[in-house]
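The sequence shown begins at 1 in our numbering and counts up by one. Cβ coordinates follow ideal geometry from the N, Cα and C atoms, glycine included. The structure appears below as structure tokens.
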Amino acid sequence: MPAPLGRRTQRPRGQPRYKRFRVARRGIFRSLRSSFTSTIKRKSVPCPNCGAAVDLQIKLVKITTCASCGTTLLLEDQGLRSAGAAGAMHDVPQLFDVGDTIRCDTTRITVHGHARFSYGRGFWEEFWGLDFHHQSVWVSVDEGDVIVQRPAPRRSWPTVTRAMTVGRDFSYDGTNYTVIEEDNAECVALRGSFDEVLQVGARYRFINAQSGANDVLSGEICNEDQRWFIGRWIDPFLVVNETRRGS
Numbered sequence: 001m002p003a004p005l006g007r008r009t010q011r012p013r014g015q016p017r018y019k020r021f022r023v024a025r026r027g028i029f030r031s032l033r034s035s036f037t038s039t040i041k042r043k044s045v046p047c048p049n050c051g052a053a054v055d056l057q058i059k060l061v062k063i064t065t066c067a068s069c070g071t072t073l074l075l076e077d078q079g080l081r082s083a084g085a086a087g088a089m090h091d092v093p094q095l096f097d098v099g100d101t102i103r104c105d106t107t108r109i110t111v112h113g114h115a116r117f118s119y120g121r122g123f124w125e126e127f128w129g130l131d132f133h134h135q136s137v138w139v140s141v142d143e144g145d146v147i148v149q150r151p152a153p154r155r156s157w158p159t160v161t162r163a164m165t166v167g168r169d170f171s172y173d174g175t176n177y178t179v180i181e182e183d184n185a186e187c188v189a190l191r192g193s194f195d196e197v198l199q200v201g202a203r204y205r206f207i208n209a210q211s212g213a214n215d216v217l218s219g220e221i222c223n224e225d226q227r228w229f230i231g232r233w234i235d236p237f238l239v240v241n242e243t244r245r246g247s
């Protein structure tokens with residue numbers, strides 16, 4: 001699918017909340033530096049809509065928004081291309097936002113993108129960032145519930161059918177899951193950068209399935225495309241905004 005659509009994370013009613021040698025060390029740090037420099041790049045290019053400088057610092061980024069005019073910009077080999085409006089991101093109280101470094105339980109994440117999705121009765125927030133190893137992480141926040149997820153390996157994706165509705169069981173990577181949510185959503189606003197192409201106005205079908213108390217598998221379907229993400233519910237009291245705490 002061209003975009004990771006929003007994963008609604010509200011917990012349904014009744015669900016529980018919740019080297020020893022110097023040479024070796026040098027090799028480890030060298031490997032970490034190599035990973036960092038291969039992920040981070042530093043340049044800026046003009047926005048094709050207003051001409052303002054748009055900073056591009058992460059090679060993984062495929063789409064970003066212009067802070068000056070609010071245009072969504074698609075990154076291509078030839079440069080930036082306008083992909084429509086970024087939508088109105090009306091400010092509401094948030095645990096964190098774009099630019100913050102947060103710690104979710106034991107995972108430290110720098111937030112680079114914020115997407116908002118509407119499911120008719122309300123909306124929820126999706127934040128994309130990079131962890132300490134510069135791997136993609138998604139943090140979903142809905143009415144106080146928080147889930148941290150990573151892209152699931154494509155080879156393990158379950159087969160999506162119309163029969164995959166609430167209450168249905170299926171197996172993923174040897175683990176049994178039960179569908180706890182299935183609905184449609186629309187992307188209504190974007191801010192910052194993302195490693196997948198998102199578009200305001202695009203509609204998606206989302207599926208949340210749970211195993212045990214905290215493990216969650218989320219599927220996102222748009223037309224014939226799909227993506228799956230695996231993660232866990234996180235106690236919101238274990239989410240620490242290190243940027244704000246240090247200010």
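DSSP lists Ile207 as the bridge partner or partners of Glu182.
Inter-residue distance for Asn208 and Thr64 is about 27 Å (C-alpha atoms, whole angstroms). Counting along the chain, no beta strand (DSSP E) covers Leu60, and no H or E run does either. In the DSSP assignment, Ala115 falls within the beta strand (DSSP E) that extends over Thr107 to Ser118. When C-beta atoms of the segment 238-246 are compared with those of the segment 87-107, three or more pairs fall below 8 Å, so the two segments count as touching.
The segment 104-120 makes contact with the segment 179-192, as at least three CB pairs between them are under 8 Å. With distances taken between CA atoms, Trp233 lies nearest to Ser140 out of Val200, Gly219, Trp157 and Ser140. By the Cβ criterion, the segment 149-169 is in contact with the segment 214-233, since at least three pairs of Cβ atoms, one from each stretch, lie closer than 8 Å. Judged by beta-carbon spacing, Phe123 lies beyond the 8 Å limit of Val111, meaning their Cβ atoms are not closer than that value. Glu126 and Glu224 have their C-alpha atoms spaced approximately 22 Å apart.
Residue pairing from DSSP places Ala189 in a beta bridge opposite Arg116.
When DSSP states are grouped into helix, strand and coil, Ser136 belongs to the strand group. When the five nearest sequence neighbours on each side are left out, the beta carbons in the same chain lying within less than 8 Å of the beta carbon of Arg168 are those of Thr178 and Val179, in order along the chain.
A direct Cα-Cα distance of roughly 33 Å separates Gly129 from Ala163. Here the C-alpha atom of Asp195 lies approximately 18 Å from the C-alpha atom of Val45.
When His134, Thr107 and His114 are compared, the shortest CA-CA separation from Val200 is found for His114.
Here the alpha carbon of Pro158 sits roughly 30 Å from the alpha carbon of Leu75. Of the candidates Arg244, Gly212 and Ala67, the residue whose Cα lies closest to the Cα of Gly192 is Ala67.
Runs of the beta strand (DSSP E) spanning 3 or more residues and lying entirely within the segment 137-164 occur at 145-151, in chain order.
One thing to note: Val166 has its Cβ no nearer than 8 Å to the Cβ of Gln226. Arg232 carries a strand assignment under DSSP once its states are collapsed to helix, strand and coil.
Between the alpha carbons of Asn49 and Thr71 lies a gap of roughly 7 Å. In terms of CA proximity to Ser156, Trp228 leads the group Trp228, His133 and Val61. Contact annotation, Ile221 with Arg244: C-beta distance approximately 36 Å; criterion of less than 8 Å not satisfied.
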